[in-house]
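Beneath this line is the structure, given in structure tokens, with notes to follow.
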Amino acid sequence: MIVANSLTKRYPGGFEALSGVSFRIGAGEMVLITGHSGAGKTTLVKLIASIERPTSGSLVVNGQNLSALRRSAIPYVRRHFGMIFQDQKLLFDRSALDNVMLPLQIVGLPHREAVRRAQAALDKVGLLAREKANPIALSGGEQQRLAIARAVVNRPTVLLADEPTANLDSASAQDIRTLFADFHRVGVTIVVATHDQSWIEHCQGNALRLDHGRVV
Ligand SMILES: Nc1ncnc2c1ncn2[C@@H]1O[C@H](COP(=O)(O)OP(=O)(O)O)[C@@H](O)[C@H]1O
Ligand SMILES: [Mg+2]
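Note that the sequence shown ends on residue 408 in my numbering; no numbers are left out.
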């Protein structure tokens, strides 16, 4: 499902953030990308999401070689993914429900169906009672759960997240870990970059550990 072969990423300026990274993530697997700060976790997540392109090597997602893809095809590949990134902000000028409905409106789902699906996603993350709230009125953990609802509302086959438990208290972090485990249980492929020690220690899935841009 996600196959990387000798992936290398060199940023402008010449710094090599990933060097010869190869791995295979099967459908329905849960994989944690771990490693020290600066190891290349975020870079790898961005390559998988087609936010950045590899300098060399190949990355195949659902049979499509991302490195050979035309730019115009990238949005279609991204639809396989639900993405939760640290810099992906919620919109504070609209309600929680409207935030979750946005991806459905982009693909043109009829309004009533979009409301129904967005409410189901909010229910899944325990926020249905807060559907009318502005995200600014939600706690950090609730905002992260809202971001997860928005990421899964399109029913992606892969959930891709970068440090989703960072900056959360331990109870909220546990809620987030449990949510990811729930999605894994129903067959969603999970790829999470994290340095969350309790997650790494208790995770059922596999770890892909990076050290200075190499898999160890
Ligand atoms: N846009 C960029 N330009 C130059 N260097 C970058 C860029 N993004 C990340 N890096 C460098 O690449 C290395 C890996 O970064 P990153 O993938 O963010 O690691 P991690 O998420 O594991 O902390 C770091 O040394 C970082 O400074
Ligand atoms: Mg990072």
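We treat Cβ as the ideally placed atom computed from N, Cα and C, and that holds for glycine. Given the structure is predicted, the values throughout are model-derived calculations rather than measurements.
On the CB-based measure, 16 or more other CB atoms within 10 Å of its CB, does residue i come out buried or exposed?
i	result
S390	exposed
F207	exposed
V317	buried
I392	exposed
F375	buried
G230	exposed
A265	exposed
N359	exposed
V408	exposed
V378	exposed
E305	exposed
G405	buried
I255	According to the sequence provided, residue 255 is Gly. The question's Ile does not apply to it. Exposed.
A321	exposed
Compare the Cα-Cα distances from residue i to each of the options and report the closest residue.
i	options	result
L400	N359, V223, S198 and S364	V223
L402	R262, L352, V292 and L210	L210
V299	Y268, R286, K201 and N326	Y268
L251	T386, E221, V195 and V408	V195
G205	T247, A260, T381 and S362	T247
H272	S242, M293 and A288	S242
S214	G249, Y203, E244 and H394	G249
I368	T386, S264, R337 and Q396	R337
D279	Q335, L371 and G218	Q335
M193	I240, H228, L199 and K233	I240
G397	V407, A373, G405 and D388	A373
G332	V292, A363, K201 and R270	A363
G218	V253, L319 and H394	V253
L330	T349, Q366 and L283	L283
K238	G212, Q256, E221 and M275	M275
D388	R309, T200, G227 and L199	G227
R202	T235, E221 and I225	T235
Let's see if you can read the secondary structure: which residues bound the beta strand (DSSP E) around residue i?
i	result
R202	I194 to R202
R401	N398 to D403
L261	Where L261 is concerned, there is no enclosing beta strand (DSSP E), given that its DSSP letter is neither H nor E.
List the endpoints of the continuous alpha helix (DSSP H) containing residue i.
i	result
E208	Run containing E208: none in the alpha helix (DSSP H); it sits in the beta strand (DSSP E), E208 to I217.
D367	S362 to R377
S229	Premise fails: S229 is in no alpha helix (DSSP H) and is neither H nor E.
V350	Segment V350 to D354 is the beta strand (DSSP E) holding V350; no alpha helix (DSSP H) there.
S390	Q389 to H394
L283	L283 -> no alpha helix (DSSP H), and no H or E assigned at all.
Closer than 5 Å between the C-beta and any heavy atom of ligand 1: which residues qualify, listed along the chain?
Chain order is used for the residues whose beta-carbon lies nearer than 5 Å to a heavy atom of ligand 1, namely Y203, F207, A209, S229, G230, A231, G232, K233, T234 and T235.
| said: For the pair the region 306-317 and the region 336-345, tell me if three or more CB-CB distances fall below 8 Å. | reply: Yes: the two stretches touch, three or more of their Cβ pairs being nearer than 8 Å.
- Query: Three or more beta-carbon pairs under 8 Å between the region 252-264 and the region 288-304, yes or no?
  - Reply: Taking a cut-off of 8 Å for Cβ pairs, the region 252-264 and the region 288-304 do not touch, as fewer than three such pairs fall below it.
Evaluate the contact criterion for the region 348-365 versus the region 375-389: three or more CB pairs, one atom per stretch, below 8 Å.
Contact holds: three or more Cβ-Cβ distances are below 8 Å.
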